[in-house]
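K.L.:
The sequence shown lines up with residues 103 to 598 when you count with my numbering.
For glycine and all other residues, C-beta sits at the position ideal for the given N, C-alpha and C.
Sharing a structure below in structure tokens format, with a few things to ask.
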Amino acid sequence: MSTAFRFALPPTLSSLRNYVDGEFVTTAKRFDNVSPLHGKVLGQVHEADAALVDRAVKAARRALDGPWGSASVDERAQLLYRVAGVIERRFDEFVAAEVADTGRTVEQAKKLDVYRGIHNLRTFADLGKQAQGDFFETRTAGGDDLINYTVRKPLGVVASISPWNLPLLSVTWKSGPALICGNTMVVKPSEETPSSATLLAEAFHEAGAPPGVFNVVHGFGPNSAGAALTAHPGIDAVTFTGESRTGATIMKAVADGVKEISLELGGKNAAIVFADCDFDAAIEGTLRSAFANTGQVCLCTERVYVERPIFERFVAALKARTEKLKIGWPDEPGVDMGSLVSREHREKVRSYFKLAQDEGATLVTGGGVPTFGDERDQGAFIQPTIWTGLPDTARCMREEVFGPVCHIAPFDSEDEVLRRANDSVYGLAATLWTTNLSRAHRVARKVHTGIIWVNTWYLRDLRTPFGGTKLSGFGREGGRWSLDFYSETTNICIRL
Ligand code: NAD
Ligand code: 6OD
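Structure (structure tokens):
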């Protein structure tokens, strides 16, 4: 394999194997891992078939009956700390994997993706050690004295299916709490971004995870590892992050078995900018919320509502800041945006550029692909794009684009903007920009989303609940909500 191109992966990652029952497993069927930076093939991925998925689920089941099943929460935490330590030691490899697979900037891979990979494991190890049960003293009508207390037990074998947009963050966000609760896992990362999950398997191996506790199977969704995993009768729960339609398909796949399921799905998130906001902070915050990770964060803002007195000024200022964003190689000094995840995804985003035009949008800036005159022209780069002038009924206002795009619309009153912001099939996140404290509290309570930021965007405390309403999914993860999801609560009642 030639490595004579920028952001090639090290030879060890040019052949990505499955990790099943403590062993790295090759398969006959393989697919290419293509870099979105220049379209070069980074390596081959060994696709797991239904038989290998079956081996992984059975290994995970056996591990529950082995030493892992009787390990103390402290011992489980020690494993997670050791894995976090391996990631820290191999930090640059993880950064290289995330950058090569996704085309994001090195800065982001360091400060968000790999940092959060480590932080997710350590935080959930700590939270798991502090998890408490409930205790009730009871005297019944008949005079019996009882004590009731709850214990947490693992769910069993957890299937984790994750997307490409924040690969290591997503897998560790699920693995940290699932493992500290005593479950075992079969993880299927996105086919678009298989490298960091393979490295994570290496980290678990190096950290001495008992065979079968953490398994990774590679492949696609339908007719591949994803569908085989969700259809497997041996799994006890599914944690899924991805598109709403895929979430619905997976719900159906596990419905007959009445399996536990957590769904973190898409969004069409609104920002509401009141005239009393800190204007510069609102511009910088909206720039970040619309274009971070090239618009590929489920929490990104695609609808911006701005109170009419500052509308024109806001559009002009956001346009000026957007046009200063630097698109380029992930390691270029001052680079703000890398590529999208793939050419295929770029075609989807570009189809919305065309649709916006057909729906009568005014293009404020962007709307095309940059050219570089080098191999990046075979990559998946795209311009950050702003529109105005669309009605709320336009498809571009209702469908998730998942690229660096936003539409800015004026509004005249609080009631009006609430009605318009809430008029969405999605309900993941919203952002409010105002210096009026009462308004911030009042409006935040009336927005129908699972997450609301006021005067900031995507600042995280992992103890807080995370998830959405409507087509954005159900169930909450984060903090004790993750511990609740990944454990079975049993009540024990004792007559004294
Ligand atoms: P996707 O739904 O296409 O794929 C997600 C994962 O599901 C992949 O691993 C894929 O192989 C697998 N999959 C697909 N079909 C399957 C099937 N039938 N059975 C089993 N597995 C299947 O999503 P994506 O394109 O990878 O990610 C982008 C989407 O994810 C966006 O909609 C984004 O908003 C959403 N997302 C949501 C959150 C959140 O926390 N709410 C976080 C990140 C991404
Ligand atoms: O920050 C997180 O914990 C999290 N789960 C982020 C998901 C982002 C979606 O793209």
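To the nearest angstrom, how far is the alpha carbon of Ile337 from that of Arg157?
P.N.:
The residue labelled residue 337 in the question sits at position 235 within the sequence shown. The residue labelled residue 157 in the question sits at position 55 within the sequence shown. Straight-line Cα distance between these residues: approximately 12 Å.
K.L.:
Exposed or buried, what is Glu177 when buried is set at 16 or more other beta-carbons lying within 10 Å of its beta-carbon?
P.N.:
Taking the first residue of the sequence shown as position 1, residue 177 is located at position 75. Answer is exposed; the Cβ neighbour count stays below 16.
K.L.:
Can you pull the DSSP bridge partners for Gly141?
P.N.:
As a working note, residue 141 is residue 39 in the sequence shown. The partner list for Gly141 (beta bridge, DSSP) is empty, contrary to what the question assumes.
K.L.:
Determine contact between the segment 179–186 and the segment 226–233, defined as no fewer than three beta-carbon pairs at a distance below 8 Å.
P.N.:
Judged by Cβ distances under 8 Å, the segment 179–186 makes contact with the segment 226–233, as three or more pairs qualify.
K.L.:
Count the other CB atoms, across all protein chains shown, that sit within 10 Å of the CB of Cys595; report buried if there are 16 or more and exposed otherwise.
P.N.:
As a position in the sequence shown, residue 595 is number 493, starting the count at 1. Answer is exposed; the Cβ neighbour count stays below 16.
K.L.:
Express the C-alpha separation of Gly529 and Trp170 in angstroms, rounding to a whole number.
P.N.:
Position 68 of the sequence shown holds residue 170. Position 427 of the sequence shown holds residue 529. Their Cα atoms are separated by approximately 38 Å.
K.L.:
For the pair the segment 367–381 and the segment 405–424, tell me if three or more CB-CB distances fall below 8 Å.
P.N.:
Remark: three or more beta-carbon pairs, one from each stretch, lie closer than 8 Å, so the segment 367–381 and the segment 405–424 are flagged as touching.
K.L.:
Looking at the structure shown, is Phe576 part of a helix, part of a strand, or coil, going by DSSP?
P.N.:
Position 474 of the sequence shown holds residue 576. Strand, per DSSP.
K.L.:
Quick check: does the Cβ of Thr128 come within less than 6 Å of any heavy atom belonging to the ligand SAM?
P.N.:
Although the ligand SAM was asked about, the structure shown includes only the ligand NAD and the ligand 6OD as ligands.
K.L.:
What number of angstroms, rounded off, separates the C-alpha of Ser117 from the C-alpha of Ser297?
P.N.:
For the purposes of this step, residue 117 is taken as residue 15 along the sequence shown, with counting starting at 1. For the purposes of this step, residue 297 is taken as residue 195 along the sequence shown, with counting starting at 1. Computed Cα separation, rounded: 9 Å.
K.L.:
Does the pairing of the segment 333–351 with the segment 547–560 give three or more beta-carbon distances under 8 Å?
P.N.:
no
K.L.:
Quick check for students: name the residue ranges of the beta strand (DSSP E) that lie wholly in the segment 192–270, counting only runs of 3 or more.
P.N.:
With a minimum length of 3 residues, the continuous beta strand (DSSP E) runs that stay inside the segment 192–270 are 237–241, 247–256, 259–263.
K.L.:
So Val188 packs on Phe109, CB below 8 Å; how close in whole Å?
P.N.:
Locating residue 188 in the sequence shown gives position 86, counting from the first residue. Locating residue 109 in the sequence shown gives position 7, counting from the first residue. Going by Cβ atoms, the distance from Val188 to Phe109 rounds to 23 Å, so no, they are not a contact pair.
K.L.:
Put Ala482 into one of helix, strand or coil per three-state DSSP.
P.N.:
Within the sequence shown, numbered from 1, the residue matching residue 482 stands at position 380. Correct three-state label for Ala482: coil.
K.L.:
Taking 8 Å as the threshold, find out whether the segment 248–255 comes into contact with the segment 137–155 through three or more Cβ pairs.
P.N.:
no
K.L.:
Just to check, is the beta-carbon of Glu362 closer than 6 Å to a non-hydrogen atom of the ligand NAD?
P.N.:
Counting from 1 along the sequence shown, the entry for residue 362 is found at position 260. Checking every heavy atom of the ligand NAD against the Cβ of Glu362, none is found closer than 6 Å.
K.L.:
Say the cut is 6 Å; is the CB of Cys379 nearer than that to a heavy atom of the ligand NAD?
P.N.:
Within the sequence shown, numbered from 1, the residue matching residue 379 stands at position 277. Flag unset: Cβ of Cys379 not near the ligand NAD.
K.L.:
Contact defined as beta carbons within less than 8 Å: I believe Gly258 pairs with Leu166. What is the distance between those atoms, to the nearest angstrom?
P.N.:
Along the sequence shown, one-based indexing puts residue 258 at 156. Along the sequence shown, one-based indexing puts residue 166 at 64. Sure, about 6 Å apart at Cβ, within 8 Å.
K.L.:
Does Phe237 pass the burial test, meaning 16 or more other C-beta atoms within 10 Å, or should it be called exposed?
P.N.:
Position 135 of the sequence shown holds residue 237. Flag for Phe237 reads exposed.
K.L.:
With a threshold of 16 other CB atoms inside 10 Å of the CB of Leu585, please say whether the residue is buried or exposed.
P.N.:
Indexing the sequence shown from 1 puts residue 585 at position 483. The residue is buried, with at least 16 neighbouring Cβ atoms inside 10 Å.
K.L.:
Sorted by chain position, which residues of the same chain lie with C-beta nearer than 7 Å to Thr566's C-beta, five sequence neighbours on each side aside?
P.N.:
What you label residue 566 is simply residue 464 of the sequence shown in a count that begins at 1. Hits under 7 Å: Gly580, Gly581.
K.L.:
Mind checking which residues open and close the alpha helix (DSSP H) that includes Trp431?
P.N.:
As a working mapping, residue 431 is identified with position 329 in the sequence shown. Segment: none, Trp431 is in no alpha helix (DSSP H) and carries neither H nor E.
K.L.:
Quick check: does the Cβ of Cys400 come within less than 6 Å of any heavy atom belonging to the ligand 6OD?
P.N.:
The sequence position of residue 400 within the sequence shown is 298, counting from 1. Yes, since a heavy atom of the ligand 6OD falls inside the 6 Å radius drawn around the Cβ of Cys400.
K.L.:
For Gln480, tell me which candidate among Gln210, Ser137, Thr128 has the shortest Cα-Cα distance.
P.N.:
Position 378 of the sequence shown, counted from the start, is the residue given in the question as residue 480. The shortest Cα separation from Gln480 among Gln210, Ser137, Thr128 belongs to Ser137.
K.L.:
With distance defined between alpha-carbon atoms, name the residue in Leu111, Lys142, Ala162 nearest to Val122.
P.N.:
In the sequence shown, residue 122 corresponds to position 20, counting from 1. Per the Cα distances, Ala162.
K.L.:
Short of 8 Å in beta carbon distance, which residues of its chain neighbour Glu501, apart from the five on each side in sequence? Order them along the chain.
P.N.:
As a working note, residue 501 is residue 399 in the sequence shown. The residues are Lys370, Tyr454.
K.L.:
Please report the distance separating the alpha-carbon of Pro486 from that of Arg448.
P.N.:
If you number the sequence shown from 1, residue 486 lands on position 384. If you number the sequence shown from 1, residue 448 lands on position 346. Approximately 12 Å, taken between the alpha carbons.
K.L.:
Tell me Trp170's beta-bridge partners as DSSP assigns them.
P.N.:
Position 68 of the sequence shown holds residue 170. BP columns for Trp170 are empty, so no partner.
K.L.:
Shortest alpha-carbon distance to Cys283 belongs to which of Arg423, Gln234, Glu293?
P.N.:
For the purposes of this step, residue 283 is taken as residue 181 along the sequence shown, with counting starting at 1. When only C-alpha atoms are compared, the closest one is Gln234.
K.L.:
If you pair each beta-carbon of the segment 413–421 with each one of the segment 515–527, do three or more pairs fall below 8 Å?
P.N.:
When C-beta atoms of the segment 413–421 are compared with those of the segment 515–527, fewer than three pairs fall below 8 Å, so the two segments do not count as touching.
K.L.:
Using the Cα positions of Asp660 and Val527, report the straight-line distance between them to the nearest angstrom.
P.N.:
This structure leaves residue 660 out entirely; the chain is present only between 103 and 598.
K.L.:
For Met103, which residues in the same chain have their Cβ closer than 6 Å to its Cβ, ignoring the five residues on either side in sequence?
P.N.:
Taking the first residue of the sequence shown as position 1, residue 103 is located at position 1. Legend: pLDDT at Met103 = 44, less than 50; position of this residue unreliable, no value from coordinates given.
K.L.:
If we count Cβ pairs, one from each stretch, closer than 8 Å, do we get three or more for the segment 262–278 versus the segment 199–218?
P.N.:
yes
K.L.:
Thinking C-alpha only, which one of Ser540, Met499, Val503, Thr536 is nearest Arg48?
P.N.:
The chain is shown only over 103 to 598; residue 48 falls outside these bounds and no answer can be derived.
K.L.:
Give me, in chain order, the residues of the same chain whose beta-carbon lies closer than 7 Å to that of Arg390; leave out the 5 immediate sequence neighbours on both sides.
P.N.:
Counting from 1 along the sequence shown, the entry for residue 390 is found at position 288. Correct list, in chain order: Trp559.
K.L.:
Is any heavy atom of the ligand 6OD found at a distance shorter than 6 Å from the C-beta of Leu420?
P.N.:
Taking the first residue of the sequence shown as position 1, residue 420 is located at position 318. No, the Cβ of Leu420 stays beyond 6 Å of every heavy atom of the ligand 6OD.
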